[in-house]
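Peer 1:
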Amino acid sequence: MLESFLNFLQNTGFYALISNGGTWLSSGSEAIKTIIMLAIACVLLYLAIVKKFEPLLLLPIAFGMLLTNLPMIKDSSAIMMHTEWFTDSQYFIDGHSIDVGMICREGGLLDLLYLGVKLGIYPPLIFVGIGCMTDFGPLIANPKSILLGAAAQFGVFFTFVGALVLSALIPSISFGVKEAASIGIIGGADGPTAIYVTKSLAPSLLPAIAVAAYSYMALIPVIQPPIMKLMTRKKDRMIVMEQLRPVSKTEKILFPIIVTIVVALIIPDAVSLVGCLMLGNLLKESGVADRLAKMAQNELMNIVTLFLGVTVGATATATSFLSAQTIGIIVLGLIAFCFSTAGGLFLGDIMCWLTKGKVNPLIGSAGVSAVPMAARVSQTVGQKENPSNFLLMHAMGPNVAGVIGSAVAAGVFLSMFSNI
Amino acid sequence: MSEGLLTGQNLSLSDALSMGGETTVIGLAIVFSVLVVLMIVLYLFKVIFYKDPNKKKTADTKQEPAPTIEAAPAVTEETDEEELIAVLTAAVAASLNTSTYNLRIKSYRRTDNKMPAWNRAGVTETINNRF
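Same order as they appear, the protein sequences are chains A and B. Going by the numbering used here, the letters in the first sequence line up with residues 1 to 420, in that order. Going by the numbering used here, the letters in the second sequence line up with residues 1 to 131, in that order.
#1: For A:S174 and chain B, any beta-carbon pair shorter than 8 Å?
#2: Going along chain A, which residues have a C-beta under 7 Å from B:Y50?
#3: If we count the other Cβ atoms within 10 Å of its Cβ and call it buried at 16 or more, is A:Q243 buried or exposed?
#4: For A:S145, list the residues DSSP reports as bridge partners.
#5: Can you tell me whether A:S97 is helix, strand or coil according to DSSP?
#6: Under 9 Å between beta-carbons, which chain A residues line up against B:S12? List them in chain order, please.
#7: Looking at C-alpha atoms only, which residue of B:N10, B:Q9, B:S12 and B:I26 is the closest neighbour of A:F157?
#8: Quick check on the DSSP output: the alpha helix (DSSP H) that includes A:A429 runs from which residue to which?
#9: How would you label B:T76, buried or exposed, when you count the other beta carbons within 10 angstroms and need 16 or more for buried?
#10: If you reduce the DSSP assignment to three classes, tell me which class B:P149 lands in.
#11: If we call anything under 8 Å between Cβ atoms a contact, is A:A395 one with A:S406?
#12: Helix, strand or coil: which one does DSSP assign to A:L354?
#13: Say whether chain A places a C-beta atom closer than 8 Å to the C-beta of B:L103.
#14: Whose C-beta lies closer than 6 Å to the C-beta of A:P221 among residues of the same chain, with five residues either side of it excluded?
#15: Can you say whether A:V371 is buried or exposed, counting buried as having 16 or more other CB atoms within 10 angstroms of its CB?
#16: If I measure Cβ to Cβ from A:G287 and keep anything under 8 Å in the same chain, skipping five residues before and after, which residues do I get?
#17: Contact criterion: CB-CB distance below 8 Å. Does A:V408 meet it with respect to chain B?
#18: Can you list, in chain order, the residues of its chain with a C-beta nearer than 7 Å to that of A:I329? Leave out the 5 residues immediately preceding and following it.
#19: Between the Cα of A:D135 and the Cα atoms of A:L164, A:G13, A:M393 and A:I223, which residue gives the shortest distance?
#20: Using a Cβ-Cβ distance under 8 Å, would B:T98 count as near chain A?
#21: Any beta-carbon of chain A closer than 8 Å to the one on B:Y108?
#22: Please list the terminal residues of the continuous alpha helix (DSSP H) segment that includes A:V269.
#23: Please work out which residues of its chain come closer than 7 Å, Cβ to Cβ, to A:A218, disregarding the five sequence neighbours upstream and downstream, and give them in chain order.
#24: Would you kindly report the start and end of the unbroken alpha helix (DSSP H) that includes B:V31?
#25: Quick one, which residues of the segment 246 to 268 of chain A are near chain B if we go by CB-CB under 9 Å, in chain order?
#26: Between the Cα of A:L148 and those of A:L391, A:F390, A:T341 and A:M373, spot the shortest distance and give me the residue it belongs to.
#27: Indicate, with yes or no, if the ligand FAD has a heavy atom lying under 7 Å from the CB of A:L139.
#28: B:E125 by DSSP, collapsed to three states: which one?
#29: Whole angstroms is fine: what's the gap from B:A93's alpha carbon to B:A86's?
#30: Looking at A:G187 and A:A336, is the spacing between their C-beta atoms short of 8 Å?
#31: Only counting runs of 4 or more residues, tell me where the alpha helix (DSSP H) segments fall wholly within the segment 329 to 411 of chain A, in order along the chain.
#32: Counting C-beta neighbours from all protein chains within 10 Å, is the total for B:K114 16 or more, i.e. buried, or is it exposed?
#33: Mind checking if B:L6 is an interface residue toward chain A, Cβ cutoff 8 Å exclusive?
#34: Chain B beta carbons: is any one of them nearer than 8 Å to that of A:K144?
#35: Report yes if the CB atom of A:L168 is closer than 8 Å to the CB atom of B:L13, and no otherwise.
#36: Beta-carbon within less than 8 Å of A:I227's beta-carbon, same chain only, minus the 5 sequence neighbours each way: which residues are those?
Here you go:
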């Protein structure tokens, strides 16, 4: 009787928290780290629920973080996520690929779901849904706006350099090229793309990068306007752009097919993302697969978003998250966002000058791909200068081009660094 | 590639900058080249699929003279867009409670945006709700 009661006590979280033999608790400071991680999870939950920062993603991420940091006895069958199986090479087959068999046999719920991230399944599926919700019409009507989507990838590469420099200057931070690429891609302002790159190149940074990417995306309306005002002239901000030409259904159907082929010819590593985006778009534009299109943008996307959020959050263990590197990532992520915005605005200014005032440079900042927030910010800032100006549709062009641009940038990084 | 660049440990500043610069140039070049190719494709789309309605000459649609009402006073340009004129005629007819047969649109002109503040607020709100 007493023995079974003691057994029960030794299985509780309280025991795990105070005992020295617990998984995370080999020393007293581990207990403190666990408590700090739980506190961070609660702060993120607060940001998601009260401040409404991208709640659809941040809430699952924060709760995943909570679940994974609950105090547990070592080797307890209740552990839902074994991060070390995915990052520590001593658990790998031949030291370099994850042991899917072992994870399937012995893994907890989150281990199994995390396979979808690790094997690169969720981000492309989310892209199918995003494709269904994207209208490339404004881009087709105004082809030059596609270049703004390319210019806004400047922050991605600038931050890549920044991360390497930071690691050269500060001894406690060590970012190699793979880590630098994963951090840089935050500047693409595209969550699934950032996760897709990071899970291949720097899986241990995944939680920090996902949290940084999604938090900054929620903060776009705060981050962008000051840069937009700084980099454009008031006179240019007031420019009313010509109405876009109507786009025929044929063009809308041909566009996704051609983009997929062009991207595959130039940068095959970007095809899993861009191809899925275009598949979703074709489902919608073709008009013959309405049921599939509705499913992809509602049920499929919602289910995958939940799985992705919870499992990415669950990779945030104290050892990987509580480090100087996380602070570095948060700072670099902000730099990435700012410079991507600036890159788009810079080309916007040039276009404005070349076309002698037909292009409002404010649409340049929409080249960061956070759809449709970035376009909305262009609209709001433009309307402040000229209340009868509607830039939204003009800004949607660069905005959707940014999605293609950041997926291509991701492909560049993957092709350069995934095999070294 | 040097050990420092792979792991980030003992990375020298010159290594970091040269690797970073190289990647930036190659990366941006690839991103731009993909999107420039797509831009060219889209310009081809415009050439192939889009016919500018202003260049299409349609037969003029003179109707019996009747009480004449102008949608906007000044004459600016004579673009004969049948559809637009049909819509304008219908709108005027509806607001005057008469038949389109009694009307003839002689000219129309796009006016500056004089939308009342309330309408504008409504449009803005709708846009913000949708996106």
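Glycine included, every Cβ here is placed at the ideal spot set by N, Cα and C.
Peer 2: Put simply:
#1: As a working note, residue 174 of chain A is residue 174 in the first sequence. At a cut-off of 8 Å, the C-beta of A:S174 has a neighbouring C-beta in chain B.
#2: For the purposes of this step, residue 50 of chain B is taken as residue 50 along the second sequence, with counting starting at 1. Per Cβ cutoff of 7 Å: R245.
#3: Position 243 of the first sequence, counting from 1, holds the residue named residue 243 of chain A. A:Q243 is classed as exposed because its beta carbon has fewer than 16 other beta carbons within 10 Å across all chains shown.
#4: Within the first sequence, residue 145 of chain A is the residue found at index 145, counting from 1. DSSP lists no beta-bridge partner residue for A:S145.
#5: For the purposes of this step, residue 97 of chain A is identified with residue 97 of the first sequence, where counting begins at 1. A:S97: strand per DSSP, three-state reduction.
#6: For the purposes of this step, residue 12 of chain B is identified with residue 12 of the second sequence, where counting begins at 1. Neighbours of B:S12 across chain A, judged by C-beta separation under 9 Å: A168.
#7: Within the first sequence, the letter at position 157 stands for residue 157 of chain A. The alpha carbon of A:F157 has as its nearest neighbour, out of B:N10, B:Q9, B:S12 and B:I26, the alpha carbon of B:I26.
#8: With chain A covering 1 to 420 only, the question about residue 429 of chain A has no answer from this structure.
#9: The count along the second sequence starts at 1 and reaches residue 76 of chain B at position 76. Residue confidence for B:T76 is low, a pLDDT of 43 falling below 50, so the modelled location carries little weight and cannot support an answer.
#10: Outside the shown range of chain B, which is 1 to 131, sits residue 149 of chain B, and nothing can be said about it.
#11: The sequence position of residue 395 of chain A within the first sequence is 395, counting from 1. The sequence position of residue 406 of chain A within the first sequence is 406, counting from 1. Contact flag unset, no.
#12: Counting from one through the first sequence, the residue named residue 354 of chain A turns up at place 354. The three-state reading of DSSP puts A:L354 in helix, counting H, G and I together.
#13: In the second sequence, counting from the first residue as 1, residue 103 of chain B sits at position 103. Judged by the 8 Å Cβ criterion, B:L103 is not in contact with chain A.
#14: Along the first sequence, read from residue 1 onward, the residue named residue 221 of chain A stands at position 221. If we look at A:P221 and ignore the five residues flanking it on each side, its Cβ neighbours are V377.
#15: Here residue 371 of chain A refers to the residue found at position 371 when the first sequence is read from its first residue. When all chains shown are included, A:V371 counts as buried.
#16: As a first step, residue 287 of chain A must be located in the first sequence, where it is residue number 287. Excluding residues within five positions, the ones whose Cβ falls inside 8 Å are K249.
#17: Within the first sequence, residue 408 of chain A is the residue found at index 408, counting from 1. Taking Cβ atoms only, chain B reaches closer than 8 Å to A:V408, which makes this a yes.
#18: Within the first sequence, numbered from 1, the residue matching residue 329 of chain A stands at position 329. Here the set comprises I183, L205, A208, I209 and A212.
#19: The sequence position of residue 135 of chain A within the first sequence is 135, counting from 1. Among A:L164, A:G13, A:M393 and A:I223, the Cα nearest to that of A:D135 is on A:M393.
#20: Within the second sequence, residue 98 of chain B is the residue found at index 98, counting from 1. Cβ-Cβ to chain A under 8 Å: no for B:T98.
#21: As a first step, residue 108 of chain B must be located in the second sequence, where it is residue number 108. No, B:Y108 does not count as interfacial toward chain A.
#22: Position 269 of the first sequence, counted from the start, is the residue given in the question as residue 269 of chain A. According to the sequence shown, residue 269 of chain A is Asp rather than Val. It is not in any alpha helix (DSSP H) - A:D269 carries neither H nor E in the DSSP assignment.
#23: As a first step, residue 218 of chain A must be located in the first sequence, where it is residue number 218. Answer for A:A218: F53 and E54, listed in chain order.
#24: Sequence index remark: in the second sequence, residue 31 of chain B carries index 31 (1-based). That run of the alpha helix (DSSP H) goes L13 to F49.
#25: In summary, the residues of the segment 246 to 268 of chain A whose CB is separated from some CB of chain B by less than 9 Å are P246, V247, S248, T250, E251, L254, F255, I258, V259, V262, V263, L265, I266 and I267, in the order they occur in the chain.
#26: Locating residue 148 of chain A in the first sequence gives position 148, where the first residue counts as 1. Relative to the Cα of A:L148, the nearest Cα in the group A:L391, A:F390, A:T341 and A:M373 belongs to A:T341.
#27: Although the ligand FAD was asked about, the structure shown includes no ligands whatsoever.
#28: Mapped onto the second sequence, residue 125 of chain B falls at position 125. Taken through DSSP and simplified to helix, strand or coil, B:E125 comes out as helix.
#29: Here the question's residue 93 of chain B lines up with position 93 in the second sequence. Here the question's residue 86 of chain B lines up with position 86 in the second sequence. Rounded to the nearest angstrom, the two C-alpha atoms are 10 Å apart.
#30: Residue numbering aside, residue 336 of chain A sits at position 336 when the first sequence is read from its first letter. Residue numbering aside, residue 187 of chain A sits at position 187 when the first sequence is read from its first letter. Yes; because the gap between Cβ atoms is below 8 Å, this pair is in contact.
#31: Listed in chain order, the complete alpha helix (DSSP H) runs (minimum 4 residues) inside the segment 329 to 411 of chain A are 373 to 385.
#32: Here residue 114 of chain B refers to the residue found at position 114 of the second sequence. B:K114 counts as exposed, since fewer than 16 other C-beta atoms from the protein chains shown sit within 10 angstroms of its C-beta.
#33: Here residue 6 of chain B refers to the residue found at position 6 of the second sequence. It does; some Cβ of chain A falls within 8 Å.
#34: As a first step, residue 144 of chain A is located in the first sequence; it is residue number 144 there, counting from the start. It does; some Cβ of chain B falls within 8 Å.
#35: Counting from 1 along the first sequence, the entry for residue 168 of chain A is found at position 168. Counting from 1 along the second sequence, the entry for residue 13 of chain B is found at position 13. The sequence as given places Ala at residue 168 of chain A; Leu does not occur at that position. Taking 8 Å as the cut-off, the beta carbon of A:A168 is found closer than this to the beta carbon of B:L13.
#36: Looking up residue 227 of chain A in the first sequence gives position 227. Excluding sequence neighbours, A:I227 sits near C338, T341, A342, L345 and S365.
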